[in-house]
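Only one structure is covered here, and it is reproduced in the block below.
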Amino acid sequence: MAKRNLTIITYHFVRDQARSRFPGIKARTPDTFGAQLEYILGRYTVIRMEDLFRALADRTEDLPRGSLLLTFDDGYREHFTHVFPILQTAGVQGSFFPCGRAVMERAVLDVNKIHFILAAVKDHSRIISSIFAALDEMRPRSDLRDNREYYRELAVPGRFDTGEVIFIKRMLQRALPEYIRGAITDRLFREHVTADEGAFADELYLSAEQLKQMKEAGMFIGSHGWGHRWMDTLPQGEQEREIDLSVDMLRVVGVSERELVMCYPYGAYSGPLIDILKTRGFRCGLSVDLGIADLDRDDPFALKRLDTNDLPVSAGEPPREWTGPAAQEEGKSP
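Using our numbering, you'd call the opening residue of the sequence shown number 1 and step up by one each time.
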């Protein structure tokens, strides 16, 4: 039997940076997205989520050679205005994973507040100074470590971010108690981005009606949780609430309970979280663990993905780590 490998590509922002009020946001432009899709179509077979369901349900079900799945996280409005028309023209499906709270309550998620704070303030040391000042103010009545300890531990460069950016993200996403990091994030967002959160959310996120249109046109819509929280760290009751509220949103836009997929916020998952997903009838889960998914070996609730930056944008670029040997193994040379 042929090896059942699947390349799953992750996209986030796809926007016209030249016209954006926030050119510092890391994004594909519509042109580079279209060029990369052309590259993909020439070297892979883009499958539908329904093809993945069949392959997971039946181990004798082969995937097409060089199979690839397109996924889009966070539910941005530009997925409707820019990505959706390009996919329709190409005749391929994308799988979109919005957060329920952004769609239903039009609230700006903390993960995105942090993105836009970083984009609005070019000198990231200013943000760090503001975080430290807030911690100094709160320290007498909170159990907080020394500022220097936090920095030494967390300011470690990542694949795509500097040490300063990683530090800011980790402090405001996870390291601090939720009520403290939420208060600091809200203050910085109001100061540097906008005080009109509702209007900003309307501009940033997909609406329920747009998701319905995409679903009716053949796109796949899945869950990215309710509030984009670190779901692996939540108590069971809060995990269940995050999942159930997100499923309620999916019902509103026409998603059947027979086609539920979880794309973990921050890629964070755990055994107990997976157990809850199974009881709710989810078919699989997408992580941010780096690699090409092997459907014969991998846990279907921890499928690996690649980032858009792991693939070339055009045939003129040299092969990347994940395009040479993997593509050849699947019968398609980049």
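Ideal placement from N, C-alpha and C gives every residue a C-beta, glycine not left out.
On the premise that Gly-222 lies in contact with Glu-242, defined as a C-beta separation below 8 Å, what is that separation, rounded to the nearest angstrom? Working through the sequence shown from its first residue, we reach residue 242 at position 242. Working through the sequence shown from its first residue, we reach residue 222 at position 222. Glu-242 to Gly-222, Cβ: 14 Å. No contact.
Okay, do the region 38 to 45 and the region 11 to 22 touch, 3+ Cβ pairs below 8 Å being the bar? Between the region 38 to 45 and the region 11 to 22 there are fewer than three inter-stretch CB-CB distances shorter than 8 Å, so the stretches are not counted as touching.
Between which two residues does the beta strand (DSSP E) harbouring Asn-5 extend? As a working mapping, residue 5 is identified with position 5 in the sequence shown. That run of the beta strand (DSSP E) goes 5 to 11.
Residue closest to His-192, alpha-carbon to alpha-carbon, out of Asp-136, Ile-117 and Val-156: Along the sequence shown, one-based indexing puts residue 192 at 192. Considering only Asp-136, Ile-117 and Val-156, the residue with the shortest C-alpha distance to His-192 is Ile-117.
Nearest-angstrom Cα separation, counted from Leu-211 out to Pro-85: Walking along the sequence shown from the start, residue 85 turns up at place 85. Walking along the sequence shown from the start, residue 211 turns up at place 211. The straight-line gap from Cα to Cα measures roughly 13 Å.
Which same chain residues, not among the five before or five after Leu-273, have their C-beta less than 7 Å away from its C-beta? Locating residue 273 in the sequence shown gives position 273, where the first residue counts as 1. Met-231, Asp-232 and Gln-239.
Could you give the C-beta distance for Arg-187 and Met-171, rounded to a whole number, given that I count them as a contact under 8 Å? Mapped onto the sequence shown, residue 187 falls at position 187. Mapped onto the sequence shown, residue 171 falls at position 171. About 13 Å; that fails the 8 Å criterion.
Counting along the chain, where does the beta strand (DSSP E) carrying Thr-233 start and finish? For the purposes of this step, residue 233 is taken as residue 233 along the sequence shown, with counting starting at 1. Thr-233 -> no beta strand (DSSP E), and no H or E assigned at all.
Classify Val-83 as helix, strand or coil using the three-state DSSP reduction. Here residue 83 refers to the residue found at position 83 of the sequence shown. Correct three-state label for Val-83: helix.
Counting only the same chain and skipping the five closest in sequence on each side, list residues whose C-beta sits under 6 Å from that of Ile-127. Position 127 of the sequence shown, counted from the start, is the residue given in the question as residue 127. Excluding sequence positions up to five before and after Ile-127, its CB lies within less than 6 Å of the CB of Val-121 and Ile-168, all in the same chain and listed in chain order.
When you compare the CB positions of Glu-197 and Ala-107, do they come within less than 8 Å of one another, or not? In the sequence shown, counting from the first residue as 1, residue 197 sits at position 197. In the sequence shown, counting from the first residue as 1, residue 107 sits at position 107. Yes, they are a contact pair.
What are the boundary residues of the alpha helix (DSSP H) that Arg-305 is part of? What you label residue 305 is simply residue 305 of the sequence shown in a count that begins at 1. Careful: Arg-305 lies outside any alpha helix (DSSP H), inside the beta strand (DSSP E) at 303 to 307.
Under the three-state reduction of DSSP, which class applies to Leu-245: helix, strand or coil? Within the sequence shown, residue 245 is the residue found at index 245, counting from 1. Note: Leu-245 maps to helix in three-state DSSP.
If you reduce the DSSP assignment to three classes, tell me which class Phe-282 lands in. Stepping through the sequence shown from its first residue, residue 282 is reached at position 282. Here Phe-282 sits in coil by DSSP.
Use the C-beta contact count for Tyr-179: other C-beta atoms within 10 angstroms, 16 or more gives buried, fewer gives exposed. For this step, residue 179 is matched to residue 179 along the sequence shown. Exposed, because fewer than 16 other Cβ atoms sit within 10 Å of the Cβ of Tyr-179.
So, for Phe-53: in the same chain, excluding its five sequence neighbours on each side, which residues have a beta-carbon less than 7 Å away from its beta-carbon? Here residue 53 corresponds to residue number 53 of the sequence shown, with the count starting at 1. Taken in chain order, the residues that qualify are Arg-283.
Which class does Tyr-151 belong to by DSSP, given the choice of helix, strand or coil? Locating residue 151 in the sequence shown gives position 151, counting from the first residue. Tyr-151 falls in the helix class under three-state DSSP.
For the alpha helix (DSSP H) containing Ser-142, list its first residue and its last residue. In the sequence shown, the residue the question calls residue 142 occupies position 142. Ser-142 -> no alpha helix (DSSP H), and no H or E assigned at all.
Val-261, DSSP secondary structure in three states: Here residue 261 refers to the residue found at position 261 of the sequence shown. Val-261 sits in a strand when the DSSP states are folded into three classes.
Alpha helix (DSSP H) segment containing Thr-185, residue limits: Position 185 of the sequence shown, counting from 1, holds the residue named residue 185. Unbroken alpha helix (DSSP H) run through Thr-185: 178 to 192.
Going by Cα to Cα distance, which pick from Leu-303, Glu-203, Asp-289 and Ile-25 is closest to Val-261? Within the sequence shown, residue 261 is the residue found at index 261, counting from 1. If we check each option's Cα against that of Val-261, Leu-303 comes out closest.
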